[in-house]
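Here's the structure, in structure tokens; my notes come after.
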Amino acid sequence: MEDLKSLIDKEKLPRHIAIIMDGNGRWAKLRGKPRVFGHRNGVQAVREATEAAAEIGVEYVTLYAFSTENWGRPKAEVNALMTLLVGTLRKEVKTLNKNNIRLKAIGDLKQLPEKSYQSLMEGIEETKNNTRMTLVLALNYSAKWEIMRAVRQLAQEAKDGNINPTDISEKHFDDALSTKGIPHPELMIRTSGEKRISNFLLWQIAYAELCFLPIFWPEFRKEHLYQAILDFQNRERRFGKTGDQIAREGE
Ligand code: FPP
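Here you go:
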């Protein structure tokens, strides 16, 4: 599918793509396998998405790997997901370094099992000087958790007299989120055909183009990322302005 890639305008790439990896369980079920089989096969899709994004020149990819709500799943599945995460991180750090990709994580990380937390921190430390692309894992993440934390932090700063409530700007709010310093995603992809945001980056996707792919996450390949970027480039991004205004700005 090299031709899809060649159709992409490198001058108009989204700087940041956020992905909701959905449908591992259903993919496995269709094959008469346990849900964990789906997660294991989802790892190859993670590689494909990361590689494709780095090769084309995207600067940030954020993957929704584990939501705060996911703790409610059967204990065996949660354990399997955590083990998979630790194992994958340990194995993939070399590849990340070889490809000059920096690892980051957002979410309530301290609540992760000790082993997962440690491998995550090691992975972040060992890749911190890489510059080609940043891969952000959203782990034990939920947008409402993040927003509430920011609200409490800003309220405390105001109470302490360090900021005047009327001076609180979008920039202050951005800087109080776990995505501080990361540009907002311009494109969000969700696989599995579900058309929901599921508590992912609610503030940050205010102007993102949403792309819902009718495939399960383990089926995700590089060409799906190319297709989503092409869709993004073919849609007009207006930020609430009229089409004429946007056309004039481009003159
Ligand atoms: C959603 O499918 C998938 C997840 C909750 C986990 C995604 C995890 C991986 C792909 C493992 C490796 C990840 C990294 C970053 C190394 P689902 O279980 O919600 O599927 P369903 O909607 O069909 O039940």
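Residue 65 in the working numbering is what sits at position 60 of the sequence shown, and the numbering runs on without skipping anything.
Positions of the beta carbon are idealized from the N, C-alpha and C atoms, including for glycine.
Inspect the beta-carbon positions of L218 and S197 and report whether they are closer than 9 Å.
At a Cβ-Cβ threshold of 9 Å, L218 and S197 count as neighbours.
So if DSSP puts A143 in a beta bridge, which residue, or which two residues, is it bridged to?
Y69, I111
Kindly identify the DSSP beta-bridge partner or partners of L215.
M193
Tell me where the beta strand (DSSP E) around A181 begins and ends.
Unbroken run through A181: none, as it is neither H nor E.
Rounded to whole angstroms, what is the Cα-Cα separation between E228 and A163?
Going by the C-alpha atoms only, they are around 48 Å apart.
Could you check whether the Cβ of A70 sits closer than 8 Å to any heavy atom belonging to ligand 1?
Relative to ligand 1, the beta carbon of A70 is positioned inside 8 Å of a heavy atom.
Compare the Cα-Cα distances from N134 to each of Y146, K103, L144, K120 and report the closest residue.
K103
Less than 8 Å between C-beta atoms, sequence neighbours within five positions excluded: which residues of the same chain meet that for W222?
So the qualifying residues of the chain are M26, D27, G28, N29, W32, G43, G47, A50, T196, S197.
Quick one: what's got a C-beta closer than 8 Å to P118's C-beta in the same chain, skipping five residues either side?
M87
Mark L142 as exposed unless 16 or more other C-beta atoms lie within 10 angstroms of its C-beta, in which case mark it buried.
buried
Ligand 1 and D113: does the residue's C-beta get closer than 8 Å to at least one heavy atom of that ligand?
no
Is L114 closer than 9 Å to R107 when the C-beta atoms are compared?
Taking the C-beta atoms as reference points, L114 is found no nearer than 9 Å to R107.
Measuring only from the beta carbon, is K34 closer than 8 Å to any heavy atom that is part of ligand 1?
yes
According to the neighbour-count rule (16 or more other Cβ atoms, all chains shown, within 10 Å of its Cβ), is E74 buried or exposed?
Exposed, since its Cβ has fewer than 16 Cβ neighbours within 10 Å.
With H, G and I counted as helix, E and B as strand and the rest as coil, what does DSSP make of I251?
Reduced to three states, the DSSP call for I251 is helix.
Helix, strand or coil: which one does DSSP assign to M6?
For M6, the predicted model reports a pLDDT of 48, less than 50, meaning its position is unreliable; a value from the coordinates is still stated below. Coil, per DSSP.
Since L144 contacts G112 with CB under 8 Å, what's their CB separation in whole angstroms?
5 Å
Around the Cβ of F244, are there at least 16 other Cβ atoms within 10 angstroms (buried) or fewer (exposed)?
So F244 ends up on the exposed side.
Give the secondary structure of M153 by DSSP, where H, G and I count as helix, E and B as strand, and everything else as coil.
Helix at M153.
Between which two residues does the beta strand (DSSP E) carrying I24 extend?
21-25
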